[in-house]
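Undergrad: The sequence shown: position 27 = 37 (my numbering), numbered continuously. We put the CB at the ideal spot given by N, CA and C, even for glycine.
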Amino acid sequence: IPVWYCDDCDATIVEMENPRQCPTCGATSLRRDEDVLDTWFSSALWPFSTLGWPDEVPELKRYYPGDVLVTGFDIIFFWVARMMMMGLHFMDEVPF
Numbered sequence: 011i012p013v014w015y016c017d018d019c020d021a022t023i024v025e026m027e028n029p030r031q032c033p034t035c036g037a038t039s040l041r042r043d044e045d046v047l048d049t050w051f052s053s054a055l056w057p058f059s060t061l062g063w064p065d066e067v068p069e070l071k072r073y074y075p076g077d078v079l080v081t082g083f084d085i086i087f088f089w090v091a092r093m094m095m096m097g098l099h100f101m102d103e104v105p106f
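If you want it as structure tokens, here you go:
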């Protein structure tokens, strides 16, 4: 996650490149956020995040849930189970 925190003024800095100093106070004592996003987590959001979610747009209403999912047996637990969980949590229905 491209987020840093200033140890001097507690500013939150969002930058794609490593910042050299805090844009708020000029301090150089910055620490990067230690959290990471798991690829299966972001993939689990795919069925609705690609359709404009969290906004309620026509594409989301028309294409979610989908009709078919073709996938390999080896990723059912990693991807499909997570898509089911996220779909039920955020959309109140399974994604396919």
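Return the residue from the list SER39, MET94, ASP45 that minimises the CA-CA distance to ASP17.
TA: Position 7 of the sequence shown, counted from the start, is the residue given in the question as residue 17. Closest option to ASP17, Cα to Cα, is SER39.
Undergrad: For SER59, tell me which candidate among LEU79, THR22, PRO12, PHE100 has the shortest Cα-Cα distance.
TA: On the sequence shown, position 49 is the one that residue 59 refers to. The candidate whose alpha carbon is nearest that of SER59 is PHE100.
Undergrad: Please state whether the Cβ-Cβ distance between LEU79 and PHE106 is less than 8 Å.
TA: For the purposes of this step, residue 79 is taken as the residue at position 69 of the sequence shown. For the purposes of this step, residue 106 is taken as the residue at position 96 of the sequence shown. Yes, Cβ-Cβ distance for LEU79 and PHE106 is below 8 Å.
Undergrad: Where does VAL89 fall in DSSP's three states?
TA: Taking the sequence shown and counting its residues from 1, the one referred to as residue 89 is at position 79. Before going further, note that residue 89 is Trp rather than Val in the sequence given. Helix, per DSSP.
Undergrad: Just the Cα atoms here: how many angstroms apart are ARG41 and CYS19?
TA: For this step, residue 41 is matched to residue 31 along the sequence shown. For this step, residue 19 is matched to residue 9 along the sequence shown. If you take the alpha carbons of ARG41 and CYS19, they lie about 12 Å apart.
Undergrad: Shortest alpha-carbon distance to ASN28 belongs to which of TRP14, CYS35, PHE83, PRO57?
TA: As a first step, residue 28 must be located in the sequence shown, where it is residue number 18. Cα-wise, what sits closest to ASN28 is TRP14.
Undergrad: Quick one: is ALA54 buried, meaning 16 or more other Cβ sit within 10 Å of its Cβ, or exposed?
TA: Along the sequence shown, one-based indexing puts residue 54 at 44. It counts as buried.
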